[in-house]
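Single-structure report; data block below.
Residue numbers (this note's numbering): 107 to 364.
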């Protein structure tokens, strides 16, 4: 095969562009590129914070790493940058929609929690796109980041606050850091036991069977779009999807919301 002037090369003509390739059969979009970027960026920054904190507080590791002043600087700035991915992600409509989901508790979320507490097990029948445990983890992560930044700034600029503030900030910062390490450890352990969930964060897509099994209420939990007052008063023409229906490839979560 040869190419002519003004035409694409044979290789380019035969090889479809990556963005034009169809989605893998039997999969549904769970996260967009913006959402996976936010998660990865936040994970890297949190990892740097954790490693530098360990290098500052564990003498054996501090001796190996050395350069304490540089470690302190990296720890401070990686902590300050933690909210940046969360804020930049707001540019994405899909990210804002998932933020709305994470911030809302539905009746089935309370049912999920009661079963998890009483029976010490998770029940996927009562999980939307995010189950109640994931929603609580997201709320804890955001709150912990804000508290760690606030207490860290007091420790960073000691001359701007009284001694009692600095003492309290150090106490809260250190103990909250240990709690964060434990919670993140549990988060990583749960992720390690679910390859399909990791695939969703890596590629943005998950299989239909996994979505149907782990998040059967995904579609009926979709945030309602903003409408005018007249539109709000009008009755809905479509009934919600059945709880056991898998997210369809053409549904709201697979519409390529950006």
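Backbone N, C-alpha and C fix where the C-beta goes; we use that ideal spot for every residue, glycine too.
Residue 142 is positioned such that its CB atom lies no closer than 8 angstroms to that of residue 296.
Collapsing the DSSP output to three states places residue 308 in a helix.
In the three-state reduction of the DSSP assignment, residue 184 falls in the helix class, which pools H, G and I.
When rounded, the separation of the alpha-carbon atoms in residue 198 and residue 325 is 19 angstroms. In the DSSP annotation of this structure, residue 210 is not part of any beta strand (DSSP E), being labelled neither H nor E. Distance from the CA of residue 157 to the CA of residue 218, rounded to the nearest whole angstrom, comes to 34 angstroms. The C-alpha of residue 312 is placed about 11 angstroms away from the C-alpha of residue 321. Nearest to residue 196 by alpha-carbon distance, out of 172, 241, 138, is 138. Residue 147 sits in a helix when the DSSP states are folded into three classes. For the set 235, 194, 184, 180, the Cα lying nearest the Cα of residue 140 is the one of 194. Counting every other CB atom within 10 Å of its CB across the protein chains shown gives residue 206 a total below 16, marking it as exposed. A straight-line Cα-Cα distance of about 7 angstroms links residue 185 and residue 151. For residue 134, the enclosing beta strand (DSSP E) begins and ends at 133 to 135. Secondary-structure assignment with DSSP links residue 313 through a beta bridge to 133.
In the three-state reduction of the DSSP assignment, residue 274 falls in the helix class, which pools H, G and I.
Excluding sequence positions up to five before and after residue 310, its CB lies within less than 8 angstroms of the CB of 135, 136, 137, 138, 139, 141, 142, all in the same chain and listed in chain order.
Taking each of 243, 146, 236, 304 in turn and checking the Cα distance to residue 215, the smallest one comes out for 236.
Annotation: residue 180 to residue 190 spans about 16 angstroms, alpha carbon to alpha carbon. In this structure residue 176 does not touch residue 168 by the C-beta definition: roughly 12 angstroms separates them, more than the 8 angstroms allowed. Straight-line measurement puts the Cα of residue 132 at about 21 angstroms from the Cα of residue 200.
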